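Trainee: Protein chains in written order, with UniProt numbering: chain A, 1 to 442; chain B, 1 to 572.
We put the CB at the ideal spot given by N, CA and C, even for glycine.
Model, not experiment: these values are computed from the prediction.
My structure is below; once you've seen it, I'll send some questions.
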Amino acid sequence: MISQVFILSSKGDHLIYKDFRGEAGKDAVNKFYEMVTALTGGQPPVVMKHKELHFVHIRQGGLYWVATTKADASPFTIIEFLNRLTALVKDYCGCLLEKSVQMNFALIYELLDEVVDFGYIQTTSTDILKNFIQTEAVSSKPFSLFDLSNVGLFGADTQQNKVAPSAAATRPIVSSQGEQGSKNEIFVDVIERMSVVIGANVSITDYMVESSLSTYVKMAHFYDLILPNIPNVISLPPPSLLSGYGAAVRVDECSFHQAVRLDEFDTYRILKVCPSQGEQTVMQYQLCDDLPTAPPFRLFPSIERDSGGRLLMYLKLRCDLPPKRSLPLLSLFSPSLFSSLSQELSSPDQSAELQPKNKAVHWEIPRFPGGAQLSALFKLEVSGLSAASLQEVGPVSLSFELPKYTCTGLQIRFLRLSPIQPGPSQRWVRYVTHSDSYTIRI
Amino acid sequence: MPYLGDEHTVRELRRALSNPNVQADHLRYRNTIHRVIRLPGLSQYVQQPLTVGLKDKAACVRRVAVLGWAKIHTLQPNTEIDVAVVNELYGLLRDPDPVVMVNCLRALEEILQEEGGVAINKPIAHHLLNRLKLCDVWGQSEVLAVLQRYRPRGEDELFDILSLLDPALLSHHAPVMAATLRLFLSLCSTLPAVCMSALERARGPLLAAAGSTSRELRYAALCHIQLLLRSEPGLMGEHYKRFFCGYAEPPYIKQNKMQVLVELVNDDNVAMVLDELRGYCTDVNTETSQTAINAIGSIGRSYTDRCLAILTGLLGLKQEHITSAVLQTLRDLVWVCPQCGDAVCSALEGWEDNLQDSQGRGALLWLLGVYGDRVTGAPYLLEDCIDGVRSEVSAEVKTELLTATLRLFLSRPAETQDMMGRLLVYCIEEEVDMCVRDQALLYYRLLHCGIEEVRQVLQGGRRSDPSLGPLIGRPPEPISQWASSFNTLEPLTLGASTVGNSDHATPKPSTLTPNTLTSNAEAMTPTPGDPHLPDCSSGALSLSVSPALTPEEFERLWLQLEKGACLEVCVQ
C-alpha cells in the first residue's frame, strides 16, 4: 500500500509528486531529501524510517524515485514496483534523464494515475496501459537519419540495412498514428554480465556470468515469437548429467518468464513467447566457475621501485578474444594512494590520468583488437615510499563492453514470427557481454 | 476539470453523477469518481453510481467502483458502509477479472479493518488459490499476503496447498517468491522439516535476486538471506562465491556481503574467503576496509593462525585507518583467544607509529597493558603517551592509559613507577573529566591498600562475553523467531543499524567476577541494594551496599548548604 510517490533530482528539485492516500503531508519530500543526503557512505539508503513513515527509494538516471508507505509492506514489492515504473517511463519517453522527466511530466502523472489506484498497484503491463494513456511523449532529440555517420555516399544503402545504431532501441515505443516511424521492430538482446576475480597468482578465483535474454518490441499487433537457441542447453543444477560435448552450452540455473511456452524446449530448445510491448525479460540464466571460454583479458603486471623513490608499474594487457573483434572502450582502475603520475603508453589514442577522488589511475583504451597485447608504463610519485607500499597498489578493475560476443557461447539460431504478417518488420539480434566486475589482483 | 466550489458547478456534477449513462464511457466514469470522492458535500451522490458500477459489464469500471468503496470508508470516515455493499464485495471475489478480485480483497481489508480484515474461510481460500495463476505479479503477492490468515484444517489440505504453491516459490519475480516463502513458513510453523526444505527451494531465486542488476533489490535479498542464515547456517555454504563483492558496488552492499561471508566460512573455503577479504582491506573506502578487517577478526575466532598472519601483515602498510582497525580487531581477538598473545607481542615490538584515531589508541594501550611484560618497548611507549596526556582529548583513551600503566606497574615496577606517579598526579589534580579522575582516585587508594589488592582487582578472573564466542558451533535459531519479519521492511531497517554499529563496538575493559570489586570504566557508583555483592574476603576495602545517608537526610543536609559549600560525609 503506497502512500506517495515522488521523483527528485539529485539536487533535490521536486520533479513529480503524487499523493495517493492523503496520509502524509508534502513535507515528507523535504524530509526524505534531508535524510538521504545526511547518510554516510556505509549506511544503506534504501529504506529509511521517519516517525511512522517508511521511505523506500531507488536511484536511476541520476534521479531519486521514492515511494512512501505507512504499513509494513513487502520491500520486494515496492522496489520491484519502482524498477518497473522506471522501465515504463523509459519505454514511453525513450531515455531516463532529468530532462526527459521534466518534459514529460504530464505523461508520467497519467501513468501513475493508471498504474496505482488509492495506493494499490493495478497493472504495470505496457500492453494494457497503452490503451489508456492519451498523452504523447516528448523526446528530447528527435531521431533523424542524418545522425547516422555511415550513410553511404550517394545515399545508397550499403550495409546500413544490417546495422542499426544503438540509439534505435531508445526511441519511444508508443508513437502517434501519423508518424512514419511506426514500423514493426523487434530487438532480441542477449546480455551477459560477467563477474571475474583473478587472483594475484593468475589463478581465476571467481568467474560468474549472469545473463538475460530479453525482447524489446515495438509492434502494432501481437504476434508469437519463436526463438530457438543453440542445441543442448543443459539446465540442470550441478551435478549435471550431461557433460558438454562439442557445441554444448552449459548453464547452471535457468528461469523463464511466466508467459513463455516451453513445450518444445526439451527436444528442440525452442522458446515460444508472445511478448508484450516494450522491454520484457524472457529467460535468465547463470553460470558459475566452469565457463567454456577463458576470461577475455589477462594482465601481467610488474611493480618495482626505481632509484628516484618512484614506483614503476608496468602493465601488459593481453586480449584473448579471437581476432577481428575489437573493443570500443576499456577503462582500467587501479586504486592507489599516489600523488602524481607520468606515463608511457603504447599507442597514441589511449590516455591515462590520475583521479585523486577515487585514488585511481584511469587508463582508457578506445580500441583493442583481439589477440593483441598492449602495455603501459606508469611512473608514480608517492610520498613516504616503503616496502609495504607495493602491497597498497590495489586491484585492477576493467570495465568494458564486448559487442557480438557471448562468453557462454549461447547463440540464437533463428527468430520466427507467427503468424507471418504482411508488412515489413525488422528483427534485430544483439549479443553483448558486459563487465559487471572484472577484478585482477596484483 | 471545472472549478469546484462554485454552486453552479456543484449542481452540474450532481446531475452528471446521477446520470445512469455516466458509466458508458468508463474512462470518464473513473476520472469523475476519482475527483469527486474527496469532496464532502457530494459523497452521498457518489454512492449510487458506485453501487451501479459494481455490476457494470466493463471490468475496468468494476475495478474503480470496488476501490471507490474503500476510498469512501477511509476518506469519509463518518459514512456508514451498508452491509449489502459488503456482501456484494464478497460476491465480487468470484469475478472473472483477476484485478477486480484482488481489488475486492484490498477494499474488504480496509472496510473491515476493525474486525481484523477480510474473513478467509475454506471456500474463499481455495477459490483464491485456484485463481492465483491468473493474477499478475502484484495480484499474486497481495493474495499470498491475505492467505496468511487462513489455517488449513488437516494435513492433507495443508500439503495440497503447499504443492499448489510450489511453482510460485521458484518464481523469478522476487515479490512473489518472498510472499510465497512467508506463507510457507507461517503455514508450516509446526513442521520444521517442511520449513527447511522450503528454505532450500527458495535458495535459488533468492540468490538470483542477490545478483540482480538493481542494487536495491540486491540489498533487500541480502538482508533476507541473512535472516535465513540465522536458522540454517549451512544453507548457502557452496554458493559463497556469489557473495564476493563487485568492484563498483556501493559500500553498504559490500558490508552486507562481508557479514554474510563471515557466516559461510568452513574448512574448505576459508583460504579463498580470507584471500578475498584481504583484498578488500585495502579498499579505497575506509568504512569498507574497516568492515573487512573486522570480518577477518571474526573469522579469526575459529581460524586463528591464518587471520593473525593477515592482520599483522596489514600493520605493515602503515595506513592510519587500517592500523587503527587492526588494533581494535586484535584486542577483540585476544580477549576470546588468549593464545594469540605471542603473535600480538611480536607485532607490537618496535612499534613506532603515532596514531591519531582515539579508538585505535585506546586499543593499543589496552594491548600494551595486558602484554606489557612481554613487549620490551612498552614502558617507553606509555611514557610518550603520559607525557602528552595534557593534550589528549578523549576520556576513554585517558582511562585506558591509567589502566594500562597500572597493569604495567605490576609487572615492571622499576621502569613504570615514576611515570605512574606523574600520571596519577595529573589525573587527580588537574583532570577535568570526572570519570577519569574517579578512576585515578580509585587506583590511588588501591595502591595504598597494597600490591596484592591491586593485582587481584586488575588481573582477577576474566569473564568473557558470550557474544564474542567462537563462530562455528553457535546454535541456530528457530525459524519462528524471524519468520514474522520476513518480507517486511524490518530486516532492511535493522540492517542499517547493525552495519553502522559494527565498527563502534565499545571496548570491554577489565570486567571482573562479582566477588571482587567491579571496576567499571564508565560508572563508579555501585548499584545500591545489590544483594549479590558480598564483602571482599581480604576485608581491607569494600563497598558497602547500603548508603551512609538515607535520602531524606541527604535532602535535609543539602538544603541547609550555603552556596559554594561542599558536603562531606564520612563513609564507615
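May I ask you to list, following chain order, the residues of the region 20-37 of chain A that have a beta carbon less than 8 Å from some beta carbon of chain B?
Mentor: So the list reads R21 and G22, given in the order they occur along the chain.
Trainee: What is the rounded straight-line gap between the Cα of B/R62 and the Cα of B/G211?
Mentor: Roughly 40 Å separates the two Cα atoms.
Trainee: Could you tell me whether the region 485-495 of chain B touches the region 74-81 of chain A, where touching means 3 or more Cβ pairs closer than 8 Å?
Mentor: Cβ pair count under 8 Å is three or more, so yes.
Trainee: How many angstroms separate the CA atom of A/S195 from the CA atom of B/L108?
Mentor: Approximately 47 Å, taken between the alpha carbons.
Trainee: Give a yes or no on whether 8 Å exceeds the smallest Cβ distance from A/G62 to chain B.
Mentor: By this cut-off, A/G62 is not an interface position.
Trainee: Tell me the DSSP bridge mates of A/L431?
Mentor: According to the sequence shown, residue 431 of chain A is Tyr rather than Leu. For A/Y431, which the question treats as bridged, DSSP gives the partners A/V190.
Trainee: From B/V389 to B/T291, what distance separates their C-alpha atoms?
Mentor: Roughly 30 Å between the two C-alpha positions.
Trainee: Please state whether DSSP places residue 577 of chain B in a helix, a strand or coil.
Mentor: The structure shown does not extend to residue 577 of chain B, since chain B is modelled only from 1 through 572, so no value can be given for it.
Trainee: Going by beta carbon distance, what residues of the same chain come within less than 6 Å of B/P401, once the five residues before and after it are set aside?
Mentor: Reading off the sequence shown, one finds Leu at residue 401 of chain B, where the question assumed Pro. Result list for B/L401: L365 and C385, in chain order.
Trainee: Look up B/H127 in the DSSP assignment and say whether it is helix, strand or coil.
Mentor: DSSP places B/H127 in helix when its eight states are reduced to three.
Trainee: Which value, in whole angstroms, describes the spacing of the CA atoms of A/R305 and A/I442?
Mentor: Taking the straight line from one Cα to the other gives about 15 Å.
Trainee: Three or more C-beta pairs under 8 Å: does that hold for the region 159-168 of chain B against the region 184-195 of chain B?
Mentor: Touching, yes.
Trainee: Assuming A/F297 contacts A/K316 under a Cβ cut-off of 8 Å, what Cβ separation, rounded to an integer in Å, is found between them?
Mentor: Actually they do not touch by this definition, with Cβ atoms about 11 Å apart.
Trainee: Note down, in chain order, each residue of its chain lying with its Cβ closer than 6 Å to the Cβ of B/I111, except the 5 sequence neighbours on either side.
Mentor: Excluding positions up to five away in sequence, the list reads H73 and I81.
Trainee: Note down, in chain order, each residue of its chain lying with its Cβ closer than 7 Å to the Cβ of A/F32, except the 5 sequence neighbours on either side.
Mentor: Cβ within range, chain order: F55 and V66.
Trainee: On the DSSP bridge assignment, give the partners of A/N184 in chain order.
Mentor: Its beta-bridge partners are A/S425.
Trainee: Give the residues of chain B in contact with A/M208, contact being defined as C-beta atoms less than 9 Å apart.
Mentor: Per Cβ cutoff of 9 Å: G211, K241, R242 and F244.
Trainee: Chain A beta carbons: is any one of them nearer than 8 Å to that of B/A70?
Mentor: Chain A, which has a Cβ nearer than 8 Å to the Cβ of B/A70, makes this yes.
Trainee: Any Cβ of chain A within less than 8 Å of the Cβ of B/N487?
Mentor: At least one chain A Cβ lies under 8 Å of B/N487.
Trainee: Can you list the residues of chain B that A/I121 reaches, using a CB-CB cut of under 8 Å?
Mentor: Going along chain B in sequence order, the residues near A/I121 (Cβ under 8 Å) are W138.
Trainee: Taking beta-carbon pairs under 7 Å, can you tell me which members of the region 243-269 of chain B lie near chain A?
Mentor: Residues passing the 7 Å Cβ filter: F244, G246, Y247, A248, P251, Y252 and Q255.
Trainee: Should A/D189 be flagged as near chain B, meaning a C-beta pair shorter than 8 Å?
Mentor: For A/D189, the answer is no, since every Cβ of chain B falls outside 8 Å of its Cβ.
Trainee: Between B/R301, B/V270, B/L314 and B/D268, which has its C-alpha nearest B/S289's C-alpha?
Mentor: Ranking the options by Cα distance to B/S289, first place goes to B/L314.
Trainee: Going along the region 139-161 of chain B in order, which residues come within less than 7 Å of chain A, judged by CB to CB distance?
Mentor: The region 139-161 of chain B vs chain A, Cβ under 7 Å: S141.
Trainee: Let me see if you follow: with CB-CB separation under 8 Å, is B/D353 close to chain A or not?
Mentor: No - not a single Cβ of chain A is within 8 Å of the one on B/D353.
Trainee: Looking at C-beta atoms only, is the number of pairs between the region 203-221 of chain B and the region 241-257 of chain B that lie closer than 8 Å three or more?
Mentor: The region 203-221 of chain B, when compared against the region 241-257 of chain B, does touch it at the 8 Å Cβ threshold.
Trainee: Just verifying my parser: in three-state terms, what is the DSSP assignment at A/H54?
Mentor: It is a strand residue.
Trainee: So which of A/S211, A/P295 and A/L311 has the shortest CA-CA distance to A/Q286?
Mentor: Nearest option by C-alpha distance: A/S211.
Trainee: Could you tell me which chain B residues have their CB closer than 9 Å to the CB of A/D320, listed as they occur along the chain?
Mentor: Here the premise fails: no neighbours, minimum Cβ distance about 20 Å.
Trainee: Could you tell me whether the Cβ of A/K49 comes closer than 8 Å to any Cβ of chain B?
Mentor: Yes, because at least one Cβ of chain B sits closer than 8 Å to the Cβ of A/K49.
Trainee: Closest by CA to A/V282, which one among A/I191, A/T123 and A/I365?
Mentor: A/V282 has its Cα closest to that of A/I191, out of A/I191, A/T123 and A/I365.
Trainee: Expressed to the nearest angstrom, what Euclidean distance is found between the alpha-carbon atoms of B/E429 and B/V436?
Mentor: Going by the C-alpha atoms only, they are around 11 Å apart.
Trainee: Using a Cβ-Cβ cut-off of 6 Å (strictly less than) and excluding sequence neighbours within five positions of B/P192, which residues of its own chain qualify?
Mentor: Around B/P192: no qualifying Cβ.
Trainee: Any C-beta of chain B sitting closer than 8 Å to the C-beta of A/F297?
Mentor: For A/F297, the answer is no, since every Cβ of chain B falls outside 8 Å of its Cβ.
Trainee: Let me know the secondary structure DSSP gives A/Y314 once reduced to three states.
Mentor: A/Y314: strand per DSSP, three-state reduction.
Trainee: If we define contact as Cβ-Cβ less than 8 Å, is A/F368 a contact residue for chain B?
Mentor: Not one chain B Cβ lies under 8 Å of A/F368.
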